[in-house]
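First residue of the sequence shown: 432, per the working numbering; consecutive thereafter. Glycine is no exception: its CB is placed at the ideal position from the N, C-alpha and C atoms. Here the structure is a predicted model, which is why all the values come from computation and not from measurement. Down below is the structure, laid out as structure tokens.
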Amino acid sequence: MERSPIIAPSILASDFSRLAEEVHAIEGAADWAHVDVMDNHFVPNLTIGLPVVQSLRKATDIPFDVHLMITDPQRWAPAYAEAGAYNVTFHAEACDDPVALAKTLRAAGAKAGLAIDRDTPVEPYLELLPYLDTVLIMTIKAGFGGQSFLPEMLEKVRDVRRRAEVNQLEIRIEVDGGIAADTIEQAAEAGADAFVAGTAVYGAADPAEAIRKLRALAAARMGLA
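If you want it as structure tokens, here you go:
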């Protein structure tokens with residue numbers, strides 16, 4: 432797989448009163464739109480859910496990267512795949528059988544992703560990589576936007592990248608939390624190739640230009656520039 436960088440702006444940082452317009456603002460520049468679904472149970476915050484994703488899917492062709500920060504993802508995740516999400520990521524901490532859910536998501540037409548939160552070791556999940564399309568390493572504590580990047584989380588990225596290369600696996604390693612111009616290069620050097628950016632994109636005067644700059648920084652560190 433060509434490891435070109437994926438930039439996935441988080442619509443959590445956008446203006447929810449103009450959600451469709453905010454997504455249109457990143458079309459042609461972003462690779463994915465990152466959709467944070469929080470349920471006020473798994474994490475202490477509440478955001479958008481399936482009806483919003485279904486409606487927004489009709490308004491844009493950009494691939495949706497859905498990040499489920501919810502309890503009981505076995506129950507809810509397949510519906511996001513059926514709603515047209517490109518990638519559906521659920522948390523290891525919330526799922527008893529990640530392989531079964533990954534197979535269900537793939538059967539429903541989506542890529543399957545597993546998220547690892549800040550305080551969760553990645554080692555127990557490395558053997559699951561052949562069943563996954565994406566591993567999302569949280570570089571903050573899941574549940575809130577605007578937190579500072581935790582560089583110590585990049586050791587998990589390195590562990591996943593090493594295992595993927597040893598086993599010649601085609602898998603995206605995504606990082607989420609505090610990704611901006613001053614942190615994306617560290618994450619890319621560690622082995623990440625998909626980058627969630629919230630305020631770094633939607634807090635910029637020109638979101639599309641911010642995306643292009645982030646991609647150039649990541650590509651240079653990945654040896655692609």
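Alpha helix (DSSP H) segment containing residue i, residue limits
| i | result |
| --- | --- |
| L645 | 638 to 652 |
| I615 | 615 to 621 |
| L487 | 481 to 488 |
| T630 | 630 to 633 |
| H455 | 450 to 455 |
| E583 | Segment: none, E583 is in no alpha helix (DSSP H) and carries neither H nor E. |
Which of helix, strand or coil DSSP assigns to residue i
| i | result |
| --- | --- |
| K542 | strand |
| R603 | strand |
| A514 | coil |
| F626 | strand |
| L477 | strand |
Alpha carbon of residue i to alpha carbon of residue j, nearest angstrom
| i | j | result |
| --- | --- | --- |
| A621 | R652 | 10 Å |
| E583 | A456 | 33 Å |
| L560 | I479 | 29 Å |
| N518 | F580 | 23 Å |
| D637 | W463 | 17 Å |
| A623 | V606 | 7 Å |
| Q578 | I571 | 6 Å |
| F447 | L585 | 31 Å |
| A543 | R537 | 6 Å |
| I547 | P482 | 26 Å |
| S441 | A639 | 13 Å |
| H522 | L545 | 6 Å |
Burial state of residue i, where buried means 16 or more other Cβ atoms lie within 10 Å
| i | result |
| --- | --- |
| L477 | exposed |
| P555 | exposed |
| A573 | buried |
Boundaries (first-last residue) of the beta strand (DSSP E) holding residue i
| i | result |
| --- | --- |
| A464 | 464 to 469 |
| V519 | 518 to 522 |
| D496 | 495 to 500 |
| A439 | 437 to 440 |
| L567 | 565 to 569 |
Quick one: any contact between the stretch 594 to 607 and the stretch 633 to 647, if contact means 3 or more CB pairs under 8 Å? no
With a threshold of 8 Å, are at least 3 pairs of Cβ atoms found where one atom belongs to the stretch 565 to 574 and the other to the stretch 530 to 540? no
Decide yes or no for the touch test of the stretch 506 to 515 against the stretch 440 to 451: beta carbon pairs closer than 8 Å, at least 3 of them. no
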